[in-house]
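Mapping to our numbering: the sequence shown position 48 is 971, numbers consecutive.
Positions of the beta carbon are idealized from the N, C-alpha and C atoms, including for glycine.
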Amino acid sequence: MIRTAAPDDVPVIHALVRDLAEFEKAPHEANATEEQLREALFGERPAAYAHVAVSDGDGEVVGFALWFLNFSTWRGVHGIYLEDLYVRPERRGGGHGKALLTELARICAERGYERLEWSVLDWNAPSIAFYESLGARPQDGWTVYRLTDGALAELGGS
């Protein structure tokens, strides 16, 4: 079962974010607090949205998708950028990841959004194969760039 995340889900979403950071070999980079997630998802001006995958048997949250809106100047409409998709390793293969992506695709179709995009680490072959099995395709010719920490502060202060 997939449902929109509720404020009571923040602790488990936070734990899943930490698990995802471990999986991606970057736990030292996941510094967000539960309070920051709560504010981002449920504050006065939400910056992001989340859905959770809940086990049919015991009602446990076994995965999540955290996303926000982007905008295509070429298409003239919003899209969804999927920041995180994660299902607990012991619960993979049960259709939770596909159900989360299906829900986001449904939202896109319902709202007239024309893109559902995300990034995947190039070494994550199982996820790449999963995404491609759903019809997703890599965007050749594009490289993700990021400014953080000192470089961001330096540029922003100039």
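As assigned by DSSP and simplified to three states, the class of residue i
i       : result
Leu1044 : coil
Asp1072 : helix
Ala976  : strand
Tyr1036 : coil
Leu1057 : coil
Glu967  : coil
Thr956  : coil
Val1067 : coil
Asp981  : coil
Ser1050 : helix
Glu1077 : helix
Arg1015 : coil
Ala944  : helix
Ala949  : coil
Of the listed residues the options, nearest to residue i (C-alpha basis)
i       : options                              : result
Ser1042 : Asp1007, Ser1056 and Val940          : Asp1007
Trp997  : Leu1078, Gly1016 and Arg1038         : Arg1038
Asp931  : Glu962, Ala955 and Val1067           : Glu962
Ala938  : Ser1050, Ser1056 and Arg1011         : Arg1011
Glu957  : Ile936, Phe946, Ala944 and His951    : Ile936
Thr993  : His951, Gly1073, Leu943 and Tyr1036  : Here residue 993 turns out to be Asn, not Thr, going by the sequence shown. Of the listed residues, the one whose Cα sits closest to Asn993 is Tyr1036.
Gly1065 : Glu947, Asp979, Leu1057 and Glu1040  : A small correction: the amino acid at residue 1065 is Trp; Gly does not occupy that position in the sequence shown. Ranking Glu947, Asp979, Leu1057 and Glu1040 by Cα distance to Trp1065 puts Glu1040 first.
Ala929  : Ala976, Cys1031, Ala944 and Ala1052  : Ala976
Gly980  : His951, Thr927, Arg1014 and Ser1056  : Arg1014
Phe1053 : His974, Gly1073, Gly1017 and Gly1080 : Gly1017
Gly1020 : Gly986, Arg1029, His951 and Ala970   : Gly986
For residue i, the residue or residues it bridges with in DSSP
i       : result
Gly1002 : Asn993
Tyr1009 : Phe987
Ile925  : Ala976
Nearest-angstrom Cα separation, counted from residue j out to residue i
i       : j       : result
Arg968  : Leu989  : 16 Å
Glu1059 : Ile1003 : Note that residue 1059 is Ala in the sequence shown, not Glu. Their backbone Cα atoms lie some 14 Å apart in a straight line.
Ile925  : Leu1075 : 37 Å
Arg1034 : Leu1078 : 36 Å
Ala1032 : Val1000 : 12 Å
Outcome for residue i when other beta-carbon atoms lying within 10 angstroms are tallied against a minimum of 16
i       : result
Arg949  : Residue 949 is actually Ala in this sequence, not Arg. Its Cβ having fewer than 16 others within 10 Å, Ala949 is exposed.
Tyr1068 : exposed
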